[in-house]
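Colleague:
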Amino acid sequence: MDSLCDRVALGFRCNRTTLFAGYYAGLLGRGRVPLRSDLDLDRMRSILDSFVVLEVEGPGMVRFRLAGTRERTRYGFEVTGLNYMDFVPEARRSDAFSAFDRMVRTPCGMYALIRSRTGYGRGTFNEALGFPFRSDHSGRLHLVFQSNDIDFDESRVLEADPLALHHTVEGRRYIDIGFGLPSF
131 MDSLCDRVAL GFRCNRTTLF AGYYAGLLGR GRVPLRSDLD LDRMRSILDS FVVLEVEGPG
191 MVRFRLAGTR ERTRYGFEVT GLNYMDFVPE ARRSDAFSAF DRMVRTPCGM YALIRSRTGY
251 GRGTFNEALG FPFRSDHSGR LHLVFQSNDI DFDESRVLEA DPLALHHTVE GRRYIDIGFG
311 LPSF
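Residue numbers in the sequence shown follow my numbering, run continuously in steps of one, and reach 314 at the last position.
Encoded structure:
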C-alpha cells in the first residue's frame with residue numbers, strides 16, 4: 131500500500147494529487163482492480179470536483195462518463211457523454227488514445243503533466259493522475275482521473291473559450307498497481 135505512494139508521490143506538485151494516490155493505494159491488495167463501488171465518495175469529498183470518469187469504448191472513443199464541477203469549469207461546459215478524443219489535437223490523438231488503452235489492457239495508473247492553450251490564448255498547466263476501477267455492472271474498466279491546474283485562473287474563463295485547442299504532454303509515466311506495466 132505505502133509502496134504505491136512512495137513510488138509516485140515523488141514529484142507530485144499538488145497535495146490533492148498525493149491525497150488521491152494515497153486513497154487509491156488503500157484500495158489495493160485484494161488481487162483485483164478496485165470496483166467503482168469501492169470508491170467511498172465521502173472520503174474523497176474535498177477533491178471530487180476535480181474528478182472525471184472515462185471509459186475506453188473502442189478505437190478513438192474515450193467517453194466522459196462523469197465530470198466534476200471544477201472540470202466542467204475548466205472546459206467551459208458540460209463534458210459528460212462527450213468523447214475526450216475530440217478535445218485532443220489531431221496530431222496527438224493516436225498517442226493519447228494509446229495511453230488510455232494501455233491503462234485498460236494492463237491495469238495501471240498514469241501520471242501526466244499537460245500544457246494547454248485555448249482559442250483566446252489562455253494557458254493552463256495541469257497535473258493529472260488516473261487509476262482504473264472496474265464497473266460493478268458491466269465489468270469493464272473505467273478510468274478515474276483527478277486533475278489539478280497548477281497554473282490557471284478560473285476567473286478568466288470565457289464562455290466560448292475551448293480549452294483543448296493545443297495540448298502538449300510534458301511528462302507521462304505509468305504506475306504499477308500490481309499487474310505490471312504496459313509494453314510499448
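Glycine included, C-beta positions come from ideal geometry on N, C-alpha and C.
With DSSP as the reference, label Arg-146 as helix, strand or coil.
Modeller: What you label residue 146 is simply residue 16 of the sequence shown in a count that begins at 1. Correct three-state label for Arg-146: helix.
Colleague: Between Ala-242, Phe-314 and Asp-306, which lies nearest to Gly-159 when the distance is taken from Cα to Cα?
Modeller: Within the sequence shown, residue 159 is the residue found at index 29, counting from 1. The candidate whose alpha carbon is nearest that of Gly-159 is Asp-306.
Colleague: With a 10 Å radius around its C-beta and 16 neighbouring C-beta atoms as the bar for buried, classify Asp-279 as buried or exposed.
Modeller: As a position in the sequence shown, residue 279 is number 149, starting the count at 1. That one is buried.
Colleague: Cα separation between Cys-238 and Phe-263?
Modeller: Along the sequence shown, one-based indexing puts residue 238 at 108. Along the sequence shown, one-based indexing puts residue 263 at 133. Cys-238 and Phe-263: Cα-Cα distance of roughly 10 Å.
Colleague: Return the Cβ separation of Thr-298 and Arg-235 in integer angstroms, given the expectation that the two are a contact with Cβ distance under 8 Å.
Modeller: Along the sequence shown, one-based indexing puts residue 298 at 168. Along the sequence shown, one-based indexing puts residue 235 at 105. About 25 Å separates the two Cβ atoms, so there is no contact after all.
Colleague: Along the alpha helix (DSSP H) that carries Glu-201, what are the first and last residues, could you check?
Modeller: Taking the first residue of the sequence shown as position 1, residue 201 is located at position 71. Counting along the chain, the alpha helix (DSSP H) containing Glu-201 begins and ends at 199-205.
Colleague: With a threshold of 8 Å on Cβ separation, who are the neighbours of Leu-196 within its own chain once the five nearest residues in sequence on each side are excluded?
Modeller: Position 66 of the sequence shown, counted from the start, is the residue given in the question as residue 196. Phe-181, Val-182, Val-183 and Thr-210, listed in sequence order.
Colleague: Going by beta-carbon coordinates alone, are Leu-273 and Val-186 separated by less than 9 Å?
Modeller: On the sequence shown, position 143 is the one that residue 273 refers to. On the sequence shown, position 56 is the one that residue 186 refers to. Yes, Cβ-Cβ distance for Leu-273 and Val-186 is below 9 Å.
Colleague: Confirm, please, whether the CB-CB distance from Phe-194 to Leu-212 is below 9 Å.
Modeller: Locating residue 212 in the sequence shown gives position 82, where the first residue counts as 1. Locating residue 194 in the sequence shown gives position 64, where the first residue counts as 1. In contact: Leu-212 and Phe-194 (Cβ atoms closer than 9 Å).
Colleague: Buried or exposed for Ser-277, please, with buried defined as at least 16 other CB atoms from any protein chain shown within 10 angstroms of its CB.
Modeller: Translated into the one-based positions of the sequence shown, residue 277 becomes position 147. Ser-277 comes out buried.
Colleague: Do you know how far the Cα of Phe-207 is from the Cα of Val-163?
Modeller: Numbered from its first residue, the sequence shown carries residue 163 at position 33. Numbered from its first residue, the sequence shown carries residue 207 at position 77. Roughly 31 Å separates the two Cα atoms.
Colleague: For the alpha helix (DSSP H) containing Phe-227, list its first residue and its last residue.
Modeller: The residue you call residue 227 lines up with position 97 of the sequence shown. Run containing Phe-227: 223-235, per the alpha helix (DSSP H) assignment.
Colleague: Quick one: residues in its chain with C-beta nearer than 7 Å to the C-beta of Ser-265, no 5 flanking neighbours on either side, listed in chain order?
Modeller: Here residue 265 corresponds to residue number 135 of the sequence shown, with the count starting at 1. Closer than 7 Å at the Cβ level, and outside the excluded window around Ser-265, lie Arg-166 and His-272.
Colleague: Rounded C-beta distance between Leu-259 and Ala-151? I'm assuming under 8 Å.
Modeller: The residue labelled residue 259 in the question sits at position 129 within the sequence shown. The residue labelled residue 151 in the question sits at position 21 within the sequence shown. That belief holds up - the Cβ atoms of Leu-259 and Ala-151 are roughly 6 Å apart, short of 8 Å.
Colleague: State the DSSP-derived secondary structure class of Asp-266, mapped to helix, strand or coil.
Modeller: Here residue 266 refers to the residue found at position 136 of the sequence shown. Asp-266 falls in the coil class under three-state DSSP.
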